[in-house]
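When we follow full-length UniProt numbering, the leftmost residue of the sequence shown carries the number 1, and every step to the right adds one. Read through the structure below, which is laid out as structure tokens, and then see the notes.
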Amino acid sequence: MATEEQALQLSFERLRHAWLEDRPAYEQRLDDLKRLRERLEARLDEMAKAISADFGNRSLHETLLGEVSVVFAEIDDALHNLKRWMKPKRRKAGWKMWPAKAEIRYVPLGVVGIIAPWNYPVNLALAPLVATIAAGNHVFLKPSEHTPRTADFLQSLLLEVFSEYRVAVALGDASLSAQFASLPFDHLFSPAPLPSGARSWLLLHRT
1 MATEEQALQL SFERLRHAWL EDRPAYEQRL DDLKRLRERL EARLDEMAKA
51 ISADFGNRSL HETLLGEVSV VFAEIDDALH NLKRWMKPKR RKAGWKMWPA
101 KAEIRYVPLG VVGIIAPWNY PVNLALAPLV ATIAAGNHVF LKPSEHTPRT
151 ADFLQSLLLE VFSEYRVAVA LGDASLSAQF ASLPFDHLFS PAPLPSGARS
201 WLLLHRT
């Protein structure tokens with residue numbers, strides 16, 4: 001049986017290999033975001049119950065306002081603007097480079113890790129995931145271990161929307177978060193403070 005560390009590495013390598021083989025085009029990104037919005041909207045009651053159970057009866061109004069409305073706004077913004085965001089931007093090359101032309105092209109990074117905190121466990125997991133998917137990356141998400149029911153919901157939701165080659169979810173405690181942060185991501189997004197083990201690894205290997 002694979003250890004947690006081996007399972008994490010296997011999931012990461014699966015995401016990386018799939019991204020190198022077939023990077024998501026504009027149409028795929030749009031379809032992914034639309035399906036995510038559709039399935040999240042269909043499972044709002046289930047999500048609210050999971051969050052309430054983790055927090056001990058958190059207000060439904062706070063959940064809808066602080067969690068869902070933000071994610072829906074992020075998705076709608078991406079759907080409306082993605083084509084414009086992806087267009088190259090012309091820049092002046094300077095007279096010394098004449099007749100050269102210059103432009104900025106926006107390209108995906110690869111596999112992006114997201115470590116979500118506990119205080120808004122859906123918002124702070126899915127909002128960065130939306131941006132990452134819109135940018136054409138693959139995603140490896142680590143939900144907070146302090147909201148286990150919400151973490152289970154997120155895993156179920158994302159497995160319903162995406163293949164394991166596009167989005168993966170790692171469930172586990174703080175020690176797993178440290179192992180997760182040590183993976184060679186092309187970018188690591190963490191709105192919460194990293195576990196001490198993860199901070200130590202980053203200081204040693206990413207400076």
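For each residue, glycine too, the CB sits at the ideal point set by N, CA and C. Remember, predicted model here, so these are calculated numbers, not experimental data.
- Straight across, the Cα-Cα distance linking Trp98 with Asp32 is about 42 Å.
- The UniProt domain "Aldehyde dehydrogenase" (27-160) is shown to contain whole alpha helix (DSSP H) runs of 4 or more residues at 44-55, 60-63, 69-86, 123-134, in chain order.
- Counting only residues of its own chain and dropping the five nearest sequence neighbours on each side, His146 has a CB closer than 6 Å to the CB of Trp118.
- Burial is judged here by how many other beta carbons sit within 10 angstroms of a residue's own beta carbon; Pro184 has fewer than 16 and is exposed.
- Using a C-beta cut-off of 8 Å, the stretch 19-30 makes no contact with the stretch 112-132, since fewer than three inter-stretch Cβ pairs fall below that distance.
- When beta bridges are read from the DSSP output, Ala168 appears opposite Phe140.
- With respect to the 9 Å criterion, Val139 and Ala168 are classified as neighbours on the basis of their beta carbons.
- Of all alpha-carbon atoms in Gln6, Thr3, Ser11, the one lying nearest the alpha-carbon of Gly113 is that of Ser11.
- Partner residues in the beta bridge of Leu188, as assigned by DSSP, are Gly113.
- For Phe180, the three-state secondary structure derived from DSSP is helix.
- With respect to the 9 Å criterion, Phe189 and Pro108 are not classified as neighbours on the basis of their beta carbons.
- Per the coordinates, the alpha-carbon of Val70 lies some 16 Å from the alpha-carbon of Leu154.
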